[in-house]
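Same order as they appear, the protein sequences are chains A and B. If you read the first sequence in our numbering, its first letter stands for residue 1, the second for the next number, and so on. If you read the second sequence in our numbering, its first letter stands for residue 1001, the second for the next number, and so on. For every residue, glycine included, the Cβ atom is placed at its ideal position computed from N, Cα and C.
There are 2 protein chains.
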Amino acid sequence: MRRPCGARPEVRAAFQGEAGAFSQTAARQIFGPRVVAVPKPAFDDVFASVTRGHADFAVIPIENSLAGSIHQNYDLLARHRLEVVGETYVRIEHNLIVMPGTKFAAVRRVYSHPVALAQCVNFLRRFRRLEHVPFYDTAGSVKHIREAGLKDAAAIASADAAVLYGMQILHRRIEDDAENYTRFLALCRRSGHKAGGSKTSIVFALKNAPGALFKALSVFALRDINLTKIESRPIRGKPWEYLFYVDLGTDSRSRECVHALRHLREMAPYFKVLGSYDTF
Amino acid sequence: MRRPCGARPEVRAAFQGEAGAFSQTAARQIFGPRVVAVPKPAFDDVFASVTRGHADFAVIPIENSLAGSIHQNYDLLARHRLEVVGETYVRIEHNLIVMPGTKFAAVRRVYSHPVALAQCVNFLRRFRRLEHVPFYDTAGSVKHIREAGLKDAAAIASADAAVLYGMQILHRRIEDDAENYTRFLALCRRSGHKAGGSKTSIVFALKNAPGALFKALSVFALRDINLTKIESRPIRGKPWEYLFYVDLGTDSRSRECVHALRHLREMAPYFKVLGSYDTF
């Protein structure tokens, strides 16, 4: 499959978190080993850096199989004029990481992103002495322990992060549930020419009328287009009205999808194709 | 309208947060002034206290018109055997609250729940000197400033919280967006006898097949039953499969709803009526 970056010699991909974050693994899966990491502190910064041309692509987590959708990123997708050009799935494995030489008995505090701490509750519960310290990023917590030289602390992060910062893994795969995957999207500035792919993501609003959502979904069902995900988010200033984000198992350039989207536009006061893309 | 607590002389309602929280306002709207507050630190504790009989009812926020659904509470609804017996809507007004006598020029730090801080960004941005301190609860931040006697700090919380802790409001309605409402649900232990009301909430899973959601929604559309909300949440251990939470504008005991739910059961491997209830 053709990568979204084509044959460019260098690709700059922005993501939230420090080097070694799961998003960087996702960026490598989509763009290959020549991707240049552009780490950013927050998701807003990731979108802004692509909008302003400081990075070629953004790589954002959109959904975790245990925690659910990352709603902030759905909201940012609607607000920014970026296009989805690829997706990938990363198996999330959490590891207990320490300074080289630190023994487990010496560990008193465990740093990580709150979601990672929550996903290792069964492991952490077995060791009551461990204080949980919420941190802004998994890889960032490894970097922090390294830079501060903390000998009584551990981080929960990927094996990649441990290698990158020259740290030691004390316990591997400490997550509660092995069925832990995150889906990531790759975004770039809208080029104007329509890319295609096996999946299409759209967002739309509907009139507040009985049966509106059923009628909207009928445009796909009547044409045997599979719907793989639906997500609803509030619309600011219109309490209890929603934006619907829908993923379709088809190319936006296919005959039936062109008809379905034209049909949907008839009933949707707001409508946008977020992109048509492949899975890497 | 008959309150869910009937004519009981005393009603104990558990909610997350300190006395003075928006959930307590919601509890008063549903159960009237004789409600006894049972404040709990976390939503898990709120559900547990009703399950174990330490409180008669739980009052939980389920959706905010700006921030969206409170997904943790959707997950807890599926996990616990409680029944929805009422809903209410609370207008969220945020106020800047200080110790009596504190002047605005002396305020250096602002404490509140992260969502409340995020909803007052425009106000806070005008005063760069203010440090934002995330706290576990809006009313709890007022209580903290009172108890610690902080003269250089303010809290963002409801006017009720200011009155309750004998504090002073420096600025009223500092939220960015006036269209800020939260919908709350009242829950109790399942009684066995079917209560009714103008709305019905259900949760179901579907087989992973093309058109499954469309077919599920057709059971309501074909009977002119209005769907007011749909929310999807991941199923643990089944990546990319979902539980769907749907609110219907009808009584679960109505003829058409009985038929629709029987029809839905044919295609749903998992199905549960969360409750049928009125708006207070």
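- Within the DSSP secondary-structure output, Glu87 (chain A) pairs in a beta bridge with A:Leu185 and A:Thr279.
- Within the region 1198 to 1232 of chain B, the alpha helix (DSSP H) runs of at least 4 residues that lie entirely inside it are, in chain order, 1212 to 1221.
- Neighbours of Ser218 (chain A) in chain B, taken as residues at a C-beta separation under 8 Å, are given in chain order as Phe1214.
- When the Cα atoms are used, Leu1185 (chain B) and Met1099 (chain B) turn out to be separated by approximately 33 Å.
- A direct Cα-to-Cα measurement between Ile1230 (chain B) and Ala1212 (chain B) gives close to 15 Å.
- Under the Cβ distance rule, Pro41 (chain A) does not count among the residues neighbouring chain B, no pair being separated by less than 8 Å.
- For His1132 (chain B), no CB of chain A lies under 8 Å from its own CB, so it is not counted at the interface with that chain.
- Under the Cβ criterion (8 Å, minimum of three pairs), the region 1050 to 1062 of chain B does not count as touching the region 1118 to 1129 of chain B.
- DSSP places Ser1065 (chain B) in no alpha helix (DSSP H); its state is neither H nor E.
- In the three-state scheme derived from DSSP, where H, G and I count as helix and E and B as strand, Phe104 (chain A) is classed as helix.
- In this structure, Ile174 (chain A) lies near His94 (chain A), with their beta-carbon atoms less than 8 Å apart.
- In this structure, Lys1272 (chain B) places its C-beta atom within 8 Å of the C-beta atom of Ile1202 (chain B).
- With a beta-carbon spacing of about 42 Å, Leu82 (chain A) and Thr102 (chain A) fall beyond the 8 Å limit used to define contacts.
- Assigned with DSSP and collapsed to three states, Glu1010 (chain B) falls in coil, not helix or strand.
- Straight through space, the alpha carbons of Ala216 (chain A) and Leu243 (chain A) are spaced by roughly 12 Å.
- Remark: C-beta atoms of Ala116 (chain A) and Ala139 (chain A) do not approach each other more closely than 8 Å.
- In this structure, Thr200 (chain A) lies near Asp251 (chain A), with their beta-carbon atoms less than 8 Å apart.
- Listed in chain order, the positions of the region 245 to 279 of chain A with a beta carbon within less than 9 Å of a beta carbon of chain B are Gly249.
- One alpha carbon belongs to Ala195 (chain A), the other to Thr279 (chain A), and they sit about 14 Å apart.
- Taken through DSSP and simplified to helix, strand or coil, Ser1141 (chain B) comes out as helix.
- Against chain B, a Cβ distance below 9 Å from Tyr181 (chain A) picks out Pro1239 and Trp1240.
- Distance from the CA of Gln16 (chain A) to the CA of Leu206 (chain A), rounded to the nearest whole angstrom, comes to 32 Å.
- Look at Ile1235 (chain B) here: in three-state DSSP terms it is strand.
- DSSP places Tyr1136 (chain B) outside both helix and strand once states are collapsed to three, so it counts as coil.
- Closest in alpha carbon position to Val1090 (chain B), among B:Ala1026, B:Arg1034 and B:Cys1257, is B:Ala1026.
- Shown in chain order are the members of the region 48 to 70 of chain A whose Cβ falls below 7 Å from a Cβ of chain B: Ser65, Leu66 and Gly68.
- Proximity of chain B to Glu231 (chain A) at the Cβ level (cut-off 8 Å) is accounted for by Ser1232, in chain order.
- Neighbourhood of Pro1210 (chain B) in chain A, by CB distance below 9 Å: Ala221, Asp224, Ile225, Asn226, Leu227 and Gly249, in chain order.
- The alpha-carbon separation between Phe204 (chain A) and Arg3 (chain A) amounts to approximately 28 Å.
- In the assembly as shown, Phe104 (chain A) is an exposed residue. Its beta-carbon has fewer than 16 other beta-carbons within 10 Å.
- Look at the region 1013 to 1057 of chain B and you find these whole runs of alpha helix (DSSP H), each 4 residues long or longer: 1022 to 1031 and 1043 to 1051.
- Taking C-beta separations shorter than 7 Å and ignoring five residues to either side along the sequence, the partners of His1080 (chain B) in its chain run Phe1047 and Thr1051, following chain order.
- Taking 8 Å as the cut-off, the Cβ atoms of Ala42 (chain A) and Ala19 (chain A) do not count as close.
- Around the beta carbon of Met1167 (chain B), a 10 Å sphere encloses 16 or more other beta carbons of the protein chains shown; the residue is thus reported as buried.
- Boundaries for Arg1255 (chain B): no beta strand (DSSP E) harbours it, while the alpha helix (DSSP H) harbouring it runs Arg1255 to Met1267, taken from the DSSP string.
- When Cβ-Cβ separations below 8 Å define contact, Arg126 (chain A) makes no contact with chain B.
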